[in-house]
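K.L.:
Numbering (full-length UniProt numbering), first residue to last: 1 to 127.
Even for Gly, the Cβ is constructed at its ideal location relative to N, Cα and C.
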Amino acid sequence: MKARSDYRILVVDDQKSMRGLATYFLKQIEFQDIDEAENAREALMKMQTKRYDLLLLDWNMDGMSGIDLLRAIRSVPELNQIKIIMATSERSVDKMDEATTNGADHYVVKPYELRDLEVRVKKVLAC
1 MKARSDYRIL
11 VVDDQKSMRG
21 LATYFLKQIE
31 FQDIDEAENA
41 REALMKMQTK
51 RYDLLLLDWN
61 MDGMSGIDLL
71 RAIRSVPELN
81 QIKIIMATSE
91 RSVDKMDEAT
101 TNGADHYVVK
111 PYELRDLEVR
121 VKKVLAC
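1. Does Tyr-52 pass the burial test, meaning 16 or more other C-beta atoms within 10 Å, or should it be called exposed?
2. Quick check on the DSSP output: what are the complete alpha helix (DSSP H) runs of length 4 or more inside the UniProt domain "Response regulatory" (8–125), in order along the chain?
3. Whose CA, out of Val-121, Asn-80, Asp-62 and Pro-77, lies closest to the CA of Met-86?
4. Taking the alpha carbon of residue 130 as the reference point, which residue from Lys-2, Ser-17, Ser-5 and Leu-10 has its own alpha carbon closest?
5. Can you list, in chain order, the residues of its chain whose CB lies under 8 Å from that of Ala-126, leaving out five sequence neighbours each side?
6. Would you report the Cα separation of Tyr-7 and Phe-31, rounded to the nearest angstrom?
7. Spatial neighbours of Asp-13 within its chain, please: CB distance less than 6 Å, with the 5 preceding and 5 following residues excluded, ordered by chain position.
8. Is the number of C-beta pairs between the segment 94–114 and the segment 64–72 that are closer than 8 Å three or more?
9. Can you grab the Cα-Cα spacing for the pair Gly-103 / Leu-114, in whole Å?
10. In angstroms, rounded to a whole number, what distance separates the CA positions of Asp-116 and Thr-88?
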């Protein structure tokens, strides 16, 4: 099993404050290799140059939405190993079902606390 410091994580959110909070929380639970992207296009560019273990992916973004990015990632066999946690402020069961149906490994409702994120990340990465 990998050490937490060996996992590569990409936080994708159009709100700088949410990216910063997520990065801060992930560092608090001992992850170190964390990159940020402010939209789907930037995330796709980063994924071309670096292999990530986990994406924390905001649902509602301008341009390509998080769910559309999730679908795009899941359509590429070489990217299927990436674990994806969708993040949204919507608490709808339909949204949770849509996320998992399209290949999300987990779901977190914003604003989330450190413990919320930690539980989901640990479950998804089994660490």
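P.N.:
On the basis of the supplied data:
1. Looking up residue 52 in the sequence shown gives position 52. Tyr-52 should be labelled buried.
2. 16–28, 40–49, 66–74, 93–101 and 114–125
3. On the sequence shown, position 86 is the one that residue 86 refers to. Distance from the Cα of Met-86 is smallest, within the candidate group Val-121, Asn-80, Asp-62 and Pro-77, for Val-121.
4. This structure cannot speak to residue 130, because the chain is shown only from 1 to 127.
5. As a first step, residue 126 is located in the sequence shown; it is residue number 126 there, counting from the start. Contacts found: Met-1.
6. Translated into the one-based positions of the sequence shown, residue 7 becomes position 7. Translated into the one-based positions of the sequence shown, residue 31 becomes position 31. Near 7 Å, if we compare the C-alpha coordinates of Phe-31 and Tyr-7.
7. Residue mapping note: residue 13 aligns to position 13 of the sequence shown, counting from 1. Cβ within range, chain order: Arg-19 and Asp-58.
8. yes
9. By one-based count along the sequence shown, residue 103 stands at place 103. By one-based count along the sequence shown, residue 114 stands at place 114. About 24 Å.
10. If you number the sequence shown from 1, residue 116 lands on position 116. If you number the sequence shown from 1, residue 88 lands on position 88. Rounded to whole angstroms, Asp-116 to Thr-88 spans 13 Å at the Cα level.
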